[in-house]
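Engineer:
Chains as they are written, first to last, in this note's numbering: chain A, 74 to 395; chain B, 486 to 992.
(1) Please compile the residues from chain A whose C-beta is within a distance smaller than 7 Å of the C-beta of residue 815(B).
(2) Quick check: what's the CA-CA separation for residue 143(A) versus residue 244(A)?
(3) Identify every run of the alpha helix (DSSP H) within the stretch 594-625 of chain B, keeping only runs that are complete inside it and at least 4 residues long; order them along the chain.
(4) So if I threshold CB-CB distances at 9 Å, which residues from the stretch 145-170 of chain A count as touching chain B?
(5) Could you check whether residue 546(B) and residue 516(B) sit closer than 8 Å to each other, using their CB atoms as the reference points?
(6) Three or more C-beta pairs under 8 Å: does that hold for the stretch 104-113 of chain A against the stretch 215-233 of chain A?
(7) Can you tell me whether DSSP reads residue 378(A) as helix, strand or coil?
(8) So residue 344(A) contacts chain B; which residues on that side make the cut at Cβ distance below 8 Å?
(9) Taking 7 Å as the limit between beta carbons, can you name the residues of its chain near residue 691(B), skipping five residues before and five after?
(10) Name, please, each residue of chain B whose Cβ falls closer than 9 Å to the Cβ of residue 347(A).
(11) Quick one: measure Cβ to Cβ for residue 541(B) and residue 577(B), integer angstroms, because I've assumed they're closer than 8 Å.
(12) Does any residue of chain E have a CB that is nearer than 8 Å to the CB of residue 266(A)?
(13) Which residues in the same chain as residue 94(A) place their Cβ atom closer than 8 Å to its Cβ, once the five residues preceding and following it in sequence are excluded?
(14) What's the C-alpha gap between residue 825(B) and residue 537(B)?
(15) Kindly indicate which residue of 950(B), 965(B), 787(B) and 632(B) has the alpha-carbon position closest to the one of residue 460(B).
(16) Here's the rule I'm using: 16 or more other beta-carbon atoms within 10 Å means buried, otherwise exposed. How should residue 566(B) be labelled?
(17) Tell me, please, whether the stretch 181-198 of chain A touches the stretch 248-262 of chain A by the rule of three or more beta-carbon pairs shorter than 8 Å.
(18) What does residue 833(B) touch in chain A if you count any residue whose Cβ is under 7 Å from its own?
(19) Are the C-beta of residue 617(B) and some C-beta of chain A separated by less than 8 Å?
(20) Note down, in chain order, every chain B residue with its Cβ under 8 Å from the Cβ of residue 274(A).
(21) What residues are listed by DSSP as bridge partners for residue 1065(B)?
(22) Beta-carbon of residue 94(A) versus every beta-carbon of chain B: anything under 8 Å?
(23) If you run the structure through DSSP and keep just helix, strand and coil, what is residue 96(A)?
(24) I want to verify the contact list: residues of chain B whose CB lies under 7 Å from the CB of residue 271(A), in sequence order.
(25) Relative to the alpha-carbon of residue 600(B), which residue among 767(B), 650(B) and 816(B) has its alpha-carbon at the smallest distance?
(26) With DSSP as the reference, please indicate the residues paired to residue 527(B) in a beta bridge.
(27) Along the chain, where does the alpha helix (DSSP H) that runs through residue 138(A) open and close?
(28) Assess, as a yes-or-no matter, whether the stretch 676-689 of chain B is touched by the stretch 639-657 of chain B under the definition of 3 or more beta carbon pairs within less than 8 Å.
(29) In whole angstroms, what separates the C-alpha of residue 96(A) from that of residue 353(A)?
(30) Is there a Cβ from chain B that is less than 8 Å from the Cβ of residue 122(A)?
(31) Rank 378(A), 320(A) and 305(A) by C-alpha distance to the C-alpha of residue 329(A) and give the top, closest one.
(32) Quick one: which residues of the stretch 750-762 of chain B get their C-beta closer than 9 Å to a C-beta of chain A? List them in chain order.
(33) What does the Cβ neighbour count give for residue 745(B), buried or exposed, with the cut at 16 atoms within 10 Å?
(34) Please list, in chain order, all residues of the same chain as residue 755(B) whose beta carbon is under 7 Å from its beta carbon, the five residues on each side excluded.
(35) How many angstroms separate the CA atom of residue 135(A) from the CA atom of residue 187(A)?
(36) Strictly under 8 Å for the Cβ-Cβ distance: is residue 552(B) near chain A by that measure?
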């Protein structure tokens with residue numbers, strides 16, 4: 074009977090080649106799509122002009138910060154938040170309201186506001202295992218109603234210090250520099266810190282993470298606090314762009330943000346993805362928008378195209394799982 | 486794959502010809518052939534990972550075979566879905582009860598029927614429901630009772646009746662008695678014998694030797710995805726059957742026990758989990774493997790989970806390495822030295838969508854990071870070192886865990902417990918569920934090595950043979966309480982079985 078041990082050991086081992094090639098199928102499709110988009114962009118007259126590129130950079134940096142915020146939630150297994158754009162608006166209002174006390178304090182209080190608002194949701198979701206979508210819907214209603222009761226419809230700044238965020242650095246819009254910097258910073262946190270690794274594990278499977286002795290509630294809180302801070306940066310940029318802040322300034326950002334996360338290729342189920350991918354996703358959306366306009370299509374076609382792009386990504390992900 | 490007509494005749498009720506099923510790189514079953522006659526009760530035996538459940542899924546249309554043919558009454562069939570299998574007369578009586586507890590007996594009987602009437606209750610429908618209940622000996626049961634109000638045995642019988650209402654003439658019973666008491670088992674046996682008399686063909690999956698000899702006409706043994714033998718029950722002695730199932734002599738699988746014990750690593754007193762564990766106490770020393778055995782619902786699994794901090798309402802005095810441990814938090818338990826290996830590998834034991842490397846170091850980030858920053862080189866070195874220790878191919882560390890076999894997945898779950906700076910207690914539920922024999926032997930050796938490193942191991946298993954072969958001490962549980970404690974020398978499968986099923990009370 075001793076021969077049976079050998080029998081088990083002799084089970085066919087798969088070829089190394091097959092193993093390496095398989096997961097890149099989805100990546101190949103994505104690469105082809107990006108290449109096609111680039112080719113289209115380069116062949117469209119006016120796309121590569123300085124004005125057009127700066128407009129592009131400006132367009133993506135505001136929503137981009139919100140998309141980066143959303144990425145932390147998605148990777149952590151909490152798909153999306155309906156309240157994140159409202160958080161952005163509130164942070165913008167706090168920024169404008171406290172600008173009279175100096176720029177550093179205004180930035181600080183705005184970040185703090187974003188982190189508290191988002192962190193509070195993280196506590197509820199992490200400790201009570203509440204459904205993240207429902208919690209964010211409740212937070213959305215609370216923010217919309219509460220802020221307007223407390224602060225009134227619109228906040229005008231006490232001075233023009235915010236103009237610094239509308240400037241250029243070596244010809245590049247400051248807001249874009251900040252957006253790109255956030256993407257890199259966030260990615261470094263995700264790749265090189267312990268909490269970053271734990272966030273990926275929690276997002277991949279929160280039950281397994283708990284069984285492995287990871288503080289799931291704390292990590293979830295971390296993701297929400299990071300998201301709040303990133304959303305607040307977006308709020309500061311948006312408020313500075315418009316020179317005033319109200320609850321409408323960032324309205325609808327969450328939809329573009331989740332589209333950027335998904336087009337970037339982060340997993341809806343959590344555990345896989347990166348902020349750099351979201352950056353690319355955001356850029357893709359901006360390019361699609363610019364192209365449709367330059368080619369003379371209407372806003373409706375823009376929306377339609379992005380909808381199709383998201384759908385395509387979901388279908389690719391679905392096939393990847395099978 | 487040509488099938489000669491000679492193989493098909495004489496026409497059998499159900500025939501499986503050369504069926505193979507592959508999942509990517511893994512071959513689940515290979516070249517399986519069976520032939521069953523009318524009124525035959527066929528025992529299907531084999532350890533975990535033998536391929537029984539894959540065969541059942543193919544027979545019931547849940548999965549399509551990669552190659553091979555299934556023939557009913559000599560006509561070959563290709564089931565596209567479970568409805569096709571149902572229409573051909575095949576029905577599965579599942580191991581985990583699949584009844585809806587809040588629906589009535591009547592509704593549960595018709596649930597999932599391929600030709601269930603649109604109208605919820607018809608006179609004909611109720612008539613047939615009564616007939617199928619009568620066939621399994623539940624003549625007097627009201628159709629209006631909710632399933633939740635019935636005993637486990639009655640539910641199991643209703644599962645069988647559900648197969649009958651679907652006009653099934655070939656039933657597959659997947660360990661129908663696993664959760665039942667002796668007296669309840671007798672009721673199920675009576676029902677099965679009555680079905681045999683009425684001409685039903687039955688495939689009876691079981692781990693219990695006694696049931697094979699008491700109930701079945703013939704027995705098929707599977708191992709490593711292949712059929713090892715099919716013989717008439719009267720022609721095969723017990724010892725021979727056991728050997729065929731395991732595939733080797735017991736001494737080849739289980740490493741010898743080390744006798745020099747260290748200090749007390751784990752001391753549990755008066756552990757209680759409401760609704761599951763009434764009273765549990767144990768003391769485990771460094772270098773010792775202690776096994777908890779009990780039937781499902783005895784509290785053995787829950788005991789391990791509570792000690793791992795996964796049960797929020799557990800109470801009791803627990804000391805690990807002479808330090809008191811507060812129950813109810815998995816991270817607290819982990820940092821105190823509890824290393825938990827889950828019974829539910831897919832959902833809780835490992836990270837299926839993560840690479841093997843991430844799985845290996847998922848509990849070790851504190852060792853491989855400094856001031857909150859991880860050190861990739863340290864991390865990789867640890868992953869490779871652990872892989873070598875548990876016999877995991879280091880070239881496959883980049884492979885997504887979900888694509889690995891059950892044995893390799895379990896190596897990841899155990900590997901991350903090995904080679905710790907601080908010794909502790911390994912807590913395991915069902916250490917080798919879904920793991921083939923080759924990987925089992927490696928896992929057992931790893932457990933022994935963990936003991937030699939100064940750890941203690943406390944495991945819960947429903948696999949009696951594994952417990953008897955592996956552990957130094959056996960703690961039996963029944964109704965949430967400790968029923969007995971035995972040393973390796975004086976523990977046998979029969980004494981343990983008698984203790985956990987409370988045989989003396991039933992007699």
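A virtual CB, placed ideally from N, CA and C, is assigned to each residue, including glycine.
Structural biologist: Result, derived from the coordinates:
(1) 283, 284 and 286, listed in chain order.
(2) Computed Cα separation, rounded: 29 Å.
(3) Segments of the alpha helix (DSSP H) lying fully in the stretch 594-625 of chain B: 608-620.
(4) For the stretch 145-170 of chain A, the beta-carbon criterion of a distance under 9 Å to any beta-carbon of chain B is satisfied by none of its residues.
(5) It is not a contact, given that the beta carbons lie outside the stated cut-off.
(6) As far as the Cβ criterion goes, the stretch 104-113 of chain A does not touch the stretch 215-233 of chain A, which means the pair count is below three.
(7) When DSSP states are grouped into helix, strand and coil, residue 378(A) belongs to the helix group.
(8) The CB of residue 344(A) comes closer than 8 Å to the CB of 836, 838 and 839 in chain B, given here in chain order.
(9) Excluding sequence neighbours, residue 691(B) sits near 528, 530, 660 and 697.
(10) Here the premise fails: no neighbours, minimum Cβ distance about 14 Å.
(11) The Cβ separation is near 6 Å, so the contact holds.
(12) Of the protein chains in this structure, namely A and B, none is chain E.
(13) Summary for residue 94(A): the model assigns pLDDT 40, below 50, so the residue's position carries little reliability; its value from the coordinates is reported in the next sentence. For residue 94(A), same chain residues with a beta-carbon under 8 Å away, outside a window of 5 residues either side, do not exist.
(14) Approximately 28 Å between the Cα atoms of the pair.
(15) Residue numbering for chain B in the displayed model covers 486 to 992; residue 460(B) lies beyond these limits and cannot be assessed.
(16) Under this definition residue 566(B) is an exposed residue.
(17) No, they do not touch.
(18) Neighbours of residue 833(B) on chain A, chain order: 280, 281 and 284.
(19) With respect to chain A, the C-beta atom of residue 617(B) has no partner C-beta closer than 8 Å.
(20) In chain order: 836, 839, 843 and 847.
(21) Because chain B in this structure spans residues 486 to 992, residue 1065(B) falls outside the shown range and cannot be described.
(22) In this prediction, residue 94(A) has a pLDDT of 40, which is less than 50 and means its spatial position is unreliable; what the coordinates show is noted afterwards. Under the Cβ criterion of 8 Å, residue 94(A) is not counted among the residues facing chain B.
(23) Low confidence applies here, because residue 96(A) scores a pLDDT of 46, under 50, leaving its location unreliable and the question unanswered by this model.
(24) Within 7 Å Cβ-Cβ: 850.
(25) Closest by alpha carbon: 650(B).
(26) Note: residue 527(B) sits in a beta bridge opposite 688(B) and 703(B).
(27) First-last of the alpha helix (DSSP H) with residue 138(A): 123-148.
(28) Counting Cβ pairs under 8 Å, three or more are found: they touch.
(29) Because the pLDDT at residue 96(A) is just 46, under 50, the model does not fix this residue reliably, and the point stays unresolved.
(30) Not one chain B Cβ lies under 8 Å of residue 122(A).
(31) If you compare the alpha carbons of 378(A), 320(A) and 305(A) with that of residue 329(A), the shortest gap goes to 378(A).
(32) Answer set for the stretch 750-762 of chain B: empty.
(33) Residue 745(B) sits exposed, since fewer than 16 C-beta atoms from the chains shown fall within 10 Å of its C-beta.
(34) Here the set comprises 764, 766, 801 and 802.
(35) Those two C-alpha atoms are separated by around 15 Å.
(36) Closer than 8 Å: no.
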